[in-house]
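Visitor:
Numbering (the working numbering), first residue to last: 27 to 830.
#1: Would residue 474 and residue 463 qualify as a contact pair, given that the criterion is a beta-carbon distance under 8 Å?
#2: Does residue 274 pass the burial test, meaning 16 or more other C-beta atoms within 10 Å, or should it be called exposed?
#3: Hey, residue 740 and residue 693: beta-carbon distance below 8 Å or not?
#4: If you count every other CB in all the chains shown that lies within 10 Å of the CB of residue 732, and 16 or more means buried, which is it?
#5: Give the single residue among 797, 558, 532 and 177 whose Cα lies nearest to the Cα of residue 772.
#6: Quick check: the segment 53–69 against the segment 102–109, are there 3 or more CB pairs under 8 Å?
#7: Which first and last residues belong to the alpha helix (DSSP H) in which residue 118 is found?
#8: Taking only the alpha-carbon atoms, compute the straight-line gap between residue 737 and residue 766 and give it to the nearest angstrom.
#9: Hey, residue 85 and residue 70 are a contact pair by Cβ (cut 8 Å); roughly how many whole angstroms apart?
#10: Thinking just about the alpha-carbon of each residue, which of 746, 715, 615 and 742 is nearest to the one in residue 672?
#11: Check whether the segment 420–439 and the segment 495–507 touch, using three or more Cβ-Cβ pairs below 8 Å as the test.
#12: Keeping to the same chain, check which residues put their C-beta closer than 6 Å to that of residue 98; ignore five residues upstream and five downstream.
#13: Can you name the start and end residues of the beta strand (DSSP E) that residue 795 belongs to?
#14: Tell me the DSSP secondary structure of residue 454 in three-state form.
#15: Would DSSP call residue 689 helix, strand or coil?
#16: Starting from the N-terminal side, write out each stretch of the beta strand (DSSP E) that is 3 residues or longer and does not extend beyond the segment 719–748.
#17: Under the DSSP definition of a beta bridge, which residues are partnered with residue 501?
#18: If you reduce the DSSP assignment to three classes, tell me which class residue 101 lands in.
#19: Using the DSSP secondary-structure output, state which residues sit across from residue 489 in a beta bridge.
#20: Given residue 7, which residues of its chain have a CB within under 7 Å of its CB, disregarding the five upstream and five downstream residues?
#21: Whole angstroms are fine: how far does the CA of residue 507 sit from the CA of residue 452?
#22: Apart from the five residues just before and just after residue 742, which ones in its own chain have a Cβ nearer than 7 Å to its Cβ?
#23: Determine the DSSP secondary structure at residue 615, reduced to helix, strand or coil.
#24: So, under 8 Å CB-CB, residue 450 and residue 423 are touching, yes? Tell me the CB distance rounded to an integer number of Å.
#25: With distances taken from CA atoms, which of 610, 286, 662 and 67 is nearest residue 752?
#26: Are residue 178 and residue 189 touching if we call contact CB-CB under 8 Å?
#27: Name the one or two DSSP bridge partners that residue 71 has.
#28: With distances taken Cα to Cα, identify the nearest neighbour of residue 720 among 762, 665 and 93.
#29: Exposed or buried, residue 355, counting other C-beta atoms within 10 Å across all chains shown (16 or more means buried)?
#30: Tell me the rounded alpha-carbon separation between residue 488 and residue 443.
#31: Given a cut-off of 8 Å on the beta-carbon distance, is the pair residue 759 and residue 704 in contact?
#32: In chain order, what residues of the same chain have a beta carbon less than 6 Å from the beta carbon of residue 734, not counting five sequence neighbours either side?
#33: My understanding is that residue 476 touches residue 518, with C-beta atoms under 8 Å, so please give their C-beta distance in whole angstroms.
#34: Is it the case that the Cβ atoms of residue 558 and residue 590 are separated by a distance below 8 Å?
#35: Does DSSP classify residue 695 as helix, strand or coil?
#36: Indicate the three-state DSSP secondary structure (helix, strand or coil) for residue 464 in the structure shown.
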């Protein structure tokens with residue numbers, strides 16, 4: 027929108043004392059049609075010394091409310107107008123509204139030049155307010171000038187002339203400074219004799235005896251200030267003042283430019299005479315401070331910061347014991363590049379002195395080996411983590427877990443094997459059965475649940491399973507093994523390490539199936555949904571579930587049920603089993619060999635006892651899959667996740683080779699570690715779950731609105747389900763626009779493809795753009811179809827014209 031400015035008024039405020047230098051500005055803003063605009067606009071005001079060009083002498087930006095085109099603001103409230111702009115010259119004001127510069131610049135009228143009057147307010151001698159460079163004298167009210175003998179005043183109308191006259195009233199030469207300053211009032215103890223270039227007497231006479239009772243200043247070489255009785259001095263109350271007949275300097279009365287080098291010496295300054303707040307940064311350098319001049323008790327907290335200390339200013343031999351304590355050192359204040367080799371020695375270190383944060387690394391060089399109570403050793407060039415320790419245990423060892431997958435793990439069981447080569451463990455563990463073994467998280471103190479599968483102190487071998495709360499994707503996790511505590515008891519627990527029931531809320535039925543006898547399985551949820559045998563499932567003597575193929579790793583208690591595909595457990599209908607919304611079914615399974623898809627869970631029974639939908643279990647080459655009955659097969663075992671996508675064809679007729687736009691949240695899947703960050707593992711299949719479909723990712727990778735086009739071979743009227751697969755970190759993208767659309771080109775690469783013929787004198791292909799400077803580009807062959815036969819053409823074209 028083109029903005030036109032209409033100036034309404036320009037009022038100037040005169041500056042007095044501390045009043046800021048400001049201008050009152052009003053104006054009117056309209057668009058190019060002359061219609062007044064409304065709203066809040068960002069307006070920048072700038073002062074220039076020329077009508078065009080140049081750099082601004084002053085500028086500030088304000089948020090201005092415009093009502094019916096009218097606005098009013100004060101200039102200088104955001105950025106004060108500097109004293110360097112005295113308005114004795116011509117200036118122009120430039121205004122910018124929302125980055126649009128209004129032209130031409132406005133020439134300041136006479137009103138703003140009232141700025142110059144601010145000088146007369148602050149001056150002591152009002153005569154200084156007369157501008158001698160002006161061509162005429164501006165006066166207001168009555169101004170009276172008087173003169174003693176020897177001086178004449180005349181007013182020509184344009185100027186006031188002051189003349190010094192000689193004898194007889196004739197004009198004489200202008201007197202010199204010594205003549206003007208010459209004063210002889212010696213009768214009252216006051217005489218200034220500048221003809222001899224000296225001040226003979228200085229005083230403030232009070233009575234006729236002052237000449238005899240007052241001291242004086244003799245300006246002759248070698249003379250000084252003599253004080254005999256009293257010394258009257260008139261002060262300006264700005265830099266010096268009299269306190270109980272004592273002449274004192276006010277704070278700030280003497281600045282560094284008034285002090286010659288060597289004038290003030292450290293031995294001349296008493297304790298507390300100079301305050302830290304009176305010393306500017308850099309005013310005192312280290313070379314100006316004598317040894318022992320500044321003592322620790324004289325330095326207030328925060329007075330000296332690291333930024334104020336030059337390198338090598340403070341050396342180790344200058345520090346007294348306990349001068350610097352750990353509570354005085356900020357985090358990261360001392361880094362390894364600040365410590366010279368061999369500056370810190372092992373015998374100087376105690377473990378209480380070094381308390382790095384979790385994850386900090388200490389490097390010890392120079393052949394230092396240090397032990398602390400948990401038994402970790404720091405040898406030459408070793409890097410160790412030093413988190414907190416577990417109270418009561420004397421030794422520990424770090425254990426590094428590497429997760430090579432692209433997915434984070436939670437509540438993950440990890441097997442820890444101890445061999446005879448781990449002499450530190452076997453020589454220092456206290457219990458012959460490993461009862462004092464503990465495992466902690468990375469912080470060194472949070473105990474992790476573990477199960478001791480085997481332990482043999484004779485052969486010095488042991489195997490533990492540890493339940494680790496979290497392991498990062500594609501990274502390392504450190505946990506700790508603790509040992510040697512005479513008072514520790516065995517806390518090995520399989521059930522806590524390998525959990526049957528995770529304790530979710532909202533259970534409607536819970537079956538452990540470990541009764542070991544009878545033909546009833548009890549509901550442990552408290553809802554009374556007990557089940558009865560059909561076709562005689564068989565009790566197994568022990569839980570058949572095993573972990574990692576270990577025959578000794580069975581489920582914690584009781585027995586389990588064995589099914590052969592024709593028998594099952596029947597649970598009658600109840601109010602808590604009315605499935606009005608989605609449910610989740612969870613169970614432990616152990617398969618024998620390979621099984622064809624077998625119904626395992628009945629999701630819902632109608633009143634006629636017909637199974638309307640089931641979940642099937644399939645065991646193939648060690649991979650367990652659970653899918654609903656009637657659901658399609660899996661696309662590829664390397665893909666972990668899939669989602670059904672329902673397409674509704676409401677056109678009234680079947681569609682073939684039809685492109686469908688699918689929008690979904692890939693950002694959430696990527697942040698959860700379920701999809702590659704580039705969506706390269708994205709795949710689509712037809713309703714059978716295995717037939718691949720062509721697709722093209724249009725935009726929005728790793729956003730909440732990822733757009734993908736999928737070419738579906740057949741879409742009958744009504745709904746059709748296809749499947750979206752993801753969750754394969756090693757997959758690469760198969761996105762292909764040419765295979766998805768009947769015609770496609772996104773101009774990747776640096777040259778035209780064969781479908782185009784250039785009739786252009788100048789063109790280029792780069793960054794997925796075809797740029798035609800002169801001429802045209804056409805299709806090499808005509809399309810095999812008519813665009814008006816149900817086709818939609820989407821293209822993105824930018825046309826521009828460059829003229830001289």
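Just so it is clear, CB atoms sit at the ideal spot from N, CA and C, and this is done for glycine as well.
Guide: According to the structure shown:
#1: If you number the chain shown from 1, residue 474 lands on position 448. If you number the chain shown from 1, residue 463 lands on position 437. Between residue 474 and residue 463, the C-beta spacing is not below 8 Å.
#2: Here residue 274 refers to the residue found at position 248 of the chain shown. By the 10 Å Cβ count, residue 274 comes out exposed.
#3: Locating residue 740 in the chain shown gives position 714, where the first residue counts as 1. Locating residue 693 in the chain shown gives position 667, where the first residue counts as 1. For residue 740 and residue 693, no; Cβs fall outside 8 Å.
#4: By 1-based counting over the chain shown, the position of residue 732 is 706. Burial call: buried.
#5: As a working note, residue 772 is residue 746 in the chain shown. It is 797 whose Cα lies nearest to the Cα of residue 772.
#6: Between the segment 53–69 and the segment 102–109, the count of C-beta pairs closer than 8 Å stays below three; the two stretches do not touch.
#7: Walking along the chain shown from the start, residue 118 turns up at place 92. It is not in any alpha helix (DSSP H) - residue 118 instead sits in the beta strand (DSSP E) that spans 118–123.
#8: Within the chain shown, the letter at position 711 stands for residue 737. Within the chain shown, the letter at position 740 stands for residue 766. The straight-line gap from Cα to Cα measures roughly 5 Å.
#9: Here residue 85 corresponds to residue number 59 of the chain shown, with the count starting at 1. Here residue 70 corresponds to residue number 44 of the chain shown, with the count starting at 1. So it is a contact: roughly 6 Å between Cβ atoms.
#10: Counting from 1 along the chain shown, the entry for residue 672 is found at position 646. The option with the nearest alpha carbon to residue 672 is 746.
#11: Contact between the segment 420–439 and the segment 495–507 is present: three or more C-beta pairs spanning the two stretches fall below 8 Å.
#12: Mapped onto the chain shown, residue 98 falls at position 72. Correct list, in chain order: 52.
#13: Within the chain shown, the letter at position 769 stands for residue 795. Counting along the chain, residue 795 sits inside the beta strand (DSSP E) bounded by residues 795–805.
#14: As a working note, residue 454 is residue 428 in the chain shown. Three-state DSSP puts residue 454 in a helix.
#15: Indexing the chain shown from 1 puts residue 689 at position 663. When DSSP states are grouped into helix, strand and coil, residue 689 belongs to the strand group.
#16: Runs of beta strand (DSSP E) with 3 or more residues, each lying fully within the segment 719–748, are found at 721–725 and 732–741, listed in chain order.
#17: The residue you call residue 501 lines up with position 475 of the chain shown. In the DSSP output, where bridge partners are listed per residue, residue 501 has 429.
#18: Taking the first residue of the chain shown as position 1, residue 101 is located at position 75. It is a strand residue.
#19: Taking the chain shown and counting its residues from 1, one reaches residue 489 at position 463. Looking at the DSSP output, residue 489 sits in a beta bridge with 443 and 480.
#20: Residue 7 cannot be examined here, being either before or after the span of the chain that is shown, 27 to 830.
#21: Mapped onto the chain shown, residue 452 falls at position 426. Mapped onto the chain shown, residue 507 falls at position 481. When the Cα atoms are used, residue 452 and residue 507 turn out to be separated by approximately 13 Å.
#22: Here residue 742 refers to the residue found at position 716 of the chain shown. Excluding sequence neighbours, residue 742 sits near 675 and 680.
#23: For the purposes of this step, residue 615 is identified with residue 589 of the chain shown, where counting begins at 1. Here residue 615 sits in coil by DSSP.
#24: The residue labelled residue 450 in the question sits at position 424 within the chain shown. The residue labelled residue 423 in the question sits at position 397 within the chain shown. In this structure residue 450 touches residue 423 by the C-beta definition: roughly 7 Å separates them, less than 8 Å.
#25: By 1-based counting over the chain shown, the position of residue 752 is 726. Ranking 610, 286, 662 and 67 by Cα distance to residue 752 puts 662 first.
#26: One-based indexing of the chain shown puts residue 178 at position 152. One-based indexing of the chain shown puts residue 189 at position 163. Yes, they are a contact pair.
#27: Along the chain shown, one-based indexing puts residue 71 at 45. Paired residue(s): 86 and 121.
#28: For the purposes of this step, residue 720 is taken as the residue at position 694 of the chain shown. Nearest C-alpha to residue 720: 762.
#29: The sequence position of residue 355 within the chain shown is 329, counting from 1. Per the 10 Å Cβ criterion, exposed.
#30: Numbered from its first residue, the chain shown carries residue 488 at position 462. Numbered from its first residue, the chain shown carries residue 443 at position 417. Their Cα atoms are separated by approximately 6 Å.
#31: Along the chain shown, read from residue 1 onward, the residue named residue 759 stands at position 733. Along the chain shown, read from residue 1 onward, the residue named residue 704 stands at position 678. Yes, the pair counts as a contact, with Cβ atoms nearer than the cut-off.
#32: Here residue 734 is taken as the residue at index 708 of the chain shown, counted from 1. Closer than 6 Å at Cβ, skipping near neighbours: 688, 721 and 723.
#33: Position 450 of the chain shown holds residue 476. Position 492 of the chain shown holds residue 518. Yes, they are in contact, since the Cβ atoms of residue 476 and residue 518 sit about 6 Å apart, within 8 Å.
#34: Here residue 558 refers to the residue found at position 532 of the chain shown. Here residue 590 refers to the residue found at position 564 of the chain shown. It is not a contact, given that the beta carbons lie outside the stated cut-off.
#35: Taking the chain shown and counting its residues from 1, one reaches residue 695 at position 669. Helix at residue 695.
#36: Within the chain shown, numbered from 1, the residue matching residue 464 stands at position 438. Here DSSP, grouped into helix, strand and coil, assigns residue 464 to strand.
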